[in-house]
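Novice: Let me begin by handing over the structure; questions about it come next.
If you want it as structure tokens, here you go:
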């Protein structure tokens, strides 16, 4: 069995200002993770070139690159109009002398405008030299990017870190400028890799991990599980960036830390139970919600996608439920429950601002229709979860041992933790999931205090940030029995979220608990 070649186009080496004490950052740790997850090579900039000085960080990068012939350099540059940075010809000469193949800019971070007057000379120089430019999506405005690219049609620009929800901006740029490319490190909207390969061609995309911040396994899972041709996968994984930079990496061994990693690397469905504790849904025939594209997000398409991944069960709150109309959304979820009774459990929402009788609604959705989950959402109701109008909901949930996905969206951080702690103590038979508990180390620390203080409180992982090392951190901090896998699909593509857990450096028995065991135990308690 052969491992696909992967070249990481988005790696940060060295120190980078603030970091959480548990966050790994040393080059040696990154190289070990590249070995473990089967990444052949990587292009890196230095963290201090972003957070302190490009010249200083670029020099330090050279020392880090010496630690492995699998590491290639990306230098950060500035405009030269202030007398503090070399002119572009000198800079490019220095790049070539040090075998640096990529350049990167941070206009917002480094306090300059990304316009032709400010950076035109630099971009012309890179364009003539055939050196691709990397730029983070949120470092420039759409209008500035659009204007500047019109002056440099021959410049290859890789747009990094665009997030789901930015599709209408990004696709406009990519349609107009054929030498623009993007990655998927944050661009995790559902089914986008298949759609984009058909719309633009696979030659417009590159692989990136955003290490040491994001999980590399999460990002290779998207490509290995993509429903595109093997040639298209190879183009995204390594051929495109190799073509742009002229490097020829050698293949490394297939990830074999355990059989789940190997299955994922080969794009095979996971062969152990997987229970997604956090999903959404669009109505049959729908393809967008809250203005965002959500392709193939009806229940039939979700089940087909989950079959390819090996996800057996899911708990669903329809997208309409949480953002606009709880009743209409609950009925969408109910239809999915009826269509796939062995695979779908439902989350019901009740919005007291619309409900004329909360107690009657509680009975209707949880007794008459059998919803096992509660999904209150502060962003919709603007009501704290301890609000008296929710009492009947909590009382029935406690009697029936139901579970609650408690989203922190819109909540004051401290108030959210206080309210979950209060509710968990008041209703000990309700299982509370602190949603998006793996989104950062800082949040994980805070939520862990509540989880450790209450046997019926769990953390739920899912988030676009997929922090590298988070699964390992939580397994040690609160125990693998206290948190669970979820995807937030189809708002977010499920593949990166699955890879985040599957590639975690924890024993296989812990992965089994996180992927399905914990959620199944909670579901089995429901009456």
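Numbering (the working numbering), first residue to last: 6 to 532. For each residue, glycine too, the CB sits at the ideal point set by N, CA and C. Every value quoted in this text rests on a predicted model; they were computed, and no experiment measured them.
(1) Suppose the cutoff is 7 Å on Cβ atoms and the five residues either side in sequence are ignored; what does the same chain contact list for residue 211 look like?
(2) Once you ignore the five residues that flank residue 420 on each side, which residues in its own chain have a CB closer than 8 Å to its CB?
(3) Given that a residue counts as buried once 16 or more other Cβ atoms are within 10 Å of its Cβ, and exposed if not, what is residue 373?
(4) Between 104, 102, 484 and 167, which has its C-alpha nearest residue 139's C-alpha?
(5) Under a three-way DSSP split, which group does residue 529 fall into?
(6) Determine the burial state of residue 3: buried for a count of at least 16 other Cβ atoms within 10 Å of its Cβ, exposed for fewer.
(7) Where in the stretch 260 to 333 do unbroken runs of the alpha helix (DSSP H), each at least 4 residues long, occur, reported from the N-terminal end onward?
(8) Taking contact to mean at least 3 C-beta pairs separated by less than 8 Å, is the stretch 289 to 307 in contact with the stretch 316 to 335?
(9) Could you say which of 351, 357 and 104 lies nearest to residue 370 if we only look at CA atoms?
(10) Take residue 408 and list the residues in its own chain whose beta-carbon comes closer than 6 Å to its own, dropping the five residues that flank it on each side.
(11) Measure the C-alpha to C-alpha separation of residue 33 and residue 19 and round it to an integer number of angstroms.
(12) Got a sec, what are the start and stop residues for the beta strand (DSSP E) residue 51 sits in?
(13) Should residue 78 be labelled buried (16 or more other beta-carbon atoms within 10 Å of its own) or exposed?
(14) So if DSSP puts residue 141 in a beta bridge, which residue, or which two residues, is it bridged to?
(15) Which partner residues does residue 110 have in the DSSP bridge list?
(16) Buried or exposed: where does residue 457 fall if 16 or more other Cβ atoms within 10 Å of its Cβ makes it buried?
(17) So, residue 412 versus residue 455, is the Cβ gap smaller than 8 Å?
(18) Note down the Cα distance separating residue 355 from residue 367, rounded to an integer number of angstroms.
(19) Along the beta strand (DSSP E) that carries residue 416, what are the first and last residues, could you check?
(20) Compare the C-alpha of residue 348 against each of 363, 92 and 308 and name the closest.
(21) According to DSSP, residue 219 sits in a beta bridge with which residue or residues?
(22) In the DSSP assignment, find the unbroken alpha helix (DSSP H) run with residue 87 in it and report its ends.
(23) So for residue 231, helix, strand or coil by DSSP?
(24) With a threshold of 8 Å, are at least 3 pairs of Cβ atoms found where one atom belongs to the stretch 496 to 507 and the other to the stretch 301 to 321?
(25) Which whole-angstrom value describes the C-beta separation of residue 48 and residue 107, a residue pair presumed to lie in contact below a C-beta threshold of 8 Å?
(26) Pop quiz: residue 316 and residue 286 are said to be a contact at Cβ under 8 Å. What is the actual Cβ separation, rounded to whole angstroms?
(27) Could you give the first and the last residue of the continuous beta strand (DSSP E) run that contains residue 352?
(28) Go through its chain and collect everything with a Cβ distance to residue 184's Cβ below 6 Å, but skip five positions before and after it.
(29) Between which residues of its own chain and residue 398 is the CB-CB distance below 7 Å, once the five residues before and five after are set aside?
(30) When we look at the beta-carbon of residue 288 and count the other beta-carbons within 10 Å, is it buried (16 or more) or exposed?
(31) Who are the Cβ neighbours of residue 469 in its own chain at under 6 Å, not counting the five residues just before and after it?
(32) Just confirm the distance between the C-beta atoms of residue 501 and residue 223, as a whole number of angstroms; I'd bet it's less than 8 Å.
(33) Roughly how many angstroms lie between the CA atoms of residue 180 and residue 206, to the nearest whole one?
(34) When the Cα of residue 64 is compared with those of 87, 105 and 88, which residue comes out closest?
(35) Leaving out five residues on either side along the sequence, give the residues of the same chain with a beta carbon under 8 Å from the beta carbon of residue 267.
(36) Pull up the distance between the alpha-carbon of residue 323 and that of residue 335, whole angstroms please.
Specialist: The answer reads as follows:
(1) 14, 163, 186, 188, 241, 245 and 246
(2) 389
(3) exposed
(4) Each of 104, 102, 484 and 167 was checked against the Cα of residue 139, and the nearest Cα belongs to 167.
(5) The answer is helix: DSSP assigns residue 529 an H, G or I state.
(6) Lying before the first or after the last residue shown, residue 3 is absent from the chain, which here runs from 6 to 532.
(7) Counting whole runs of 4 or more residues, the stretch 260 to 333 contains the alpha helix (DSSP H) stretches 264 to 270, 304 to 314 and 324 to 328.
(8) yes
(9) 351
(10) 378, 436 and 527
(11) 10 Å
(12) Here the beta strand (DSSP E) through residue 51 covers 46 to 51.
(13) buried
(14) 165
(15) 140
(16) exposed
(17) no
(18) 8 Å
(19) Segment: none, residue 416 is in no beta strand (DSSP E) and carries neither H nor E.
(20) 308
(21) 472
(22) Neither: residue 87 is in no alpha helix (DSSP H) and is coded neither H nor E.
(23) coil
(24) yes
(25) 5 Å
(26) With a Cβ gap of about 14 Å, residue 316 and residue 286 do not count as contacting.
(27) 349 to 353
(28) Residues of the same chain with a CB within less than 6 Å of the CB of residue 184, apart from the 5 flanking positions on each side, are 161 in chain order.
(29) Closer than 7 Å at the Cβ level, and outside the excluded window around residue 398, lie 355, 363, 367 and 379.
(30) So residue 288 counts as buried.
(31) Contacts found: 191 and 193.
(32) Yes, they are in contact, since the Cβ atoms of residue 501 and residue 223 sit about 4 Å apart, within 8 Å.
(33) 11 Å
(34) 105
(35) For residue 267, same chain residues with a beta-carbon under 8 Å away, outside a window of 5 residues either side, are 6, 259, 260 and 261 in chain order.
(36) 7 Å
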